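Engineer: Protein chains in written order, with our numbering: chain A, 1 to 114; chain B, 1001 to 1110.
1. At the level of alpha carbons, what is the spacing between residue 90 of chain A and residue 1016 of chain B?
2. Beta carbons nearer than 9 Å to chain A: which residues of the segment 1018–1031 of chain B have them?
3. Return the chain-ordered list of same chain residues with a C-beta closer than 6 Å to the C-beta of residue 32 of chain A, the five sequence neighbours on each side being excluded.
4. Helix, strand or coil for residue 73 of chain A? Go by DSSP, reduced to three states.
5. In the DSSP assignment, the beta strand (DSSP E) including residue 1058 of chain B goes from what residue to what residue?
6. When the Cβ atoms of the segment 1061–1078 of chain B are set against those of the segment 52–69 of chain A, are three or more pairs found closer than 8 Å?
7. In angstroms with no decimal places, state the Cα-to-Cα distance between residue 56 of chain A and residue 1090 of chain B.
8. Would you say residue 1108 of chain B faces chain A, with C-beta separation under 8 Å as the test?
9. Quick one: grab the DSSP three-state call for residue 117 of chain A.
10. Is there a Cβ from chain A that is less than 8 Å from the Cβ of residue 1040 of chain B?
11. Where does residue 18 of chain A fall in DSSP's three states?
12. Taking contact to mean 3 or more Cβ pairs, one atom from each stretch, closer than 8 Å, check whether the segment 18–29 of chain A and the segment 1082–1102 of chain B are in contact.
13. Which chain B residues sit within Cβ distance under 7 Å of residue 107 of chain A?
14. The beta strand (DSSP E) spanning residue 1104 of chain B covers which residue range?
15. Less than 8 Å between the C-beta atoms of residue 78 of chain A and residue 34 of chain A, yes or no?
16. Using a Cβ distance threshold of 8 Å, determine whether the segment 1093–1102 of chain B contacts the segment 1045–1059 of chain B, with at least three qualifying pairs required.
17. Expressed to the nearest angstrom, what Euclidean distance is found between the alpha-carbon atoms of residue 72 of chain A and residue 7 of chain A?
18. Taking the alpha carbon of residue 86 of chain A as the reference point, which residue from A:17, A:98, A:51 has its own alpha carbon closest?
19. Name the chain A residues whose beta carbon is nearer than 7 Å to that of residue 1095 of chain B?
20. To the nearest whole angstrom, what separates the beta carbons of residue 40 of chain A and residue 1004 of chain B, a pair I think is in contact under 8 Å?
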């Protein structure tokens, strides 16, 4: 079955370290997204990609970067981790070309920055 | 700025006690509305897409409805396994971009 996976599921790191969270989907979807989820906030968009070599900034992109070298993967990098980036991170993907295409989510990565 | 507001924040029901969750939104030109279910420690799971006012969709004990200003998720005779956080979201701010509400945490007591 097609799926979307994230790794690691849990990560503890120190302030100032570079961290990369992996996202891999086997749906063959063109569109991929990274969100963060914090108490009191809805899911907030960090970065997104409409296809290979395409990346775009979301509403909370400062301190994060992504790259898309193939269809299946969209790794999220925290250049220099900060305590404010402690959160749960979700990757999602969608197919098609419409605004109402369903986004399918991965299981999440819980990141703690000490 | 587009906004999605869900109420109540938390809801506790006895098994079999029907109720409704509310999702109100302010967005220019509604193109659809999504409902997701999220279990603790997991990613959101898609439930429904509603496309226009007056539309209704059902899945087991859940029925979603849409008006021009809000959506309701009706839960009929809930069971403990319906306990989860329910999220709504609207397309907003550009192609494939979505604004999420903060969710309603539902607990169904046996």
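For glycine and all other residues, C-beta sits at the position ideal for the given N, C-alpha and C. As the structure is a prediction and not an experimental result, all values here were calculated from the model.
Structural biologist: Let me spell this out:
1. The residue given as residue 90 of chain A occupies position 90 in the first chain. The residue given as residue 1016 of chain B occupies position 16 in the second chain. Computed Cα separation, rounded: 33 Å.
2. 1031
3. By 1-based counting over the first chain, the position of residue 32 of chain A is 32. Excluding positions up to five away in sequence, the list reads 49, 74, 93.
4. For the purposes of this step, residue 73 of chain A is taken as the residue at position 73 of the first chain. Reduced to three states, the DSSP call for residue 73 of chain A is strand.
5. Within the second chain, numbered from 1, the residue matching residue 1058 of chain B stands at position 58. Where residue 1058 of chain B is concerned, the enclosing beta strand (DSSP E) stretches over 1056–1059.
6. no
7. Stepping through the first chain from its first residue, residue 56 of chain A is reached at position 56. Stepping through the second chain from its first residue, residue 1090 of chain B is reached at position 90. Roughly 19 Å separates the two Cα atoms.
8. As a position in the second chain, residue 1108 of chain B is number 108, starting the count at 1. It does not: the Cβ of residue 1108 of chain B has no partner Cβ on chain A nearer than 8 Å.
9. It is not possible to answer for residue 117 of chain A, since the shown part of chain A is limited to 1 through 114.
10. For the purposes of this step, residue 1040 of chain B is taken as residue 40 along the second chain, with counting starting at 1. No, no contact with chain A.
11. Counting from one through the first chain, the residue named residue 18 of chain A turns up at place 18. Here residue 18 of chain A sits in coil by DSSP.
12. no
13. Counting from one through the first chain, the residue named residue 107 of chain A turns up at place 107. In chain order: 1042, 1043.
14. Here residue 1104 of chain B corresponds to residue number 104 of the second chain, with the count starting at 1. Per DSSP, residue 1104 of chain B belongs to the beta strand (DSSP E) from 1104–1109.
15. Here residue 78 of chain A refers to the residue found at position 78 when the first chain is read from its first residue. Here residue 34 of chain A refers to the residue found at position 34 when the first chain is read from its first residue. No, Cβ-Cβ distance for residue 78 of chain A and residue 34 of chain A is not below 8 Å.
16. no
17. Position 72 of the first chain, counting from 1, holds the residue named residue 72 of chain A. Position 7 of the first chain, counting from 1, holds the residue named residue 7 of chain A. Answer to the nearest angstrom: the Cα atoms are 14 Å apart.
18. Reading the first chain from its first residue, position 86 is the one you call residue 86 of chain A. Selected option, being the one with the closest Cα: A:17.
19. Residue numbering aside, residue 1095 of chain B sits at position 95 when the second chain is read from its first letter. Under the 7 Å cutoff, chain A gives 99.
20. Locating residue 40 of chain A in the first chain gives position 40, counting from the first residue. Locating residue 1004 of chain B in the second chain gives position 4, counting from the first residue. Not a contact, Cβ separation roughly 14 Å.
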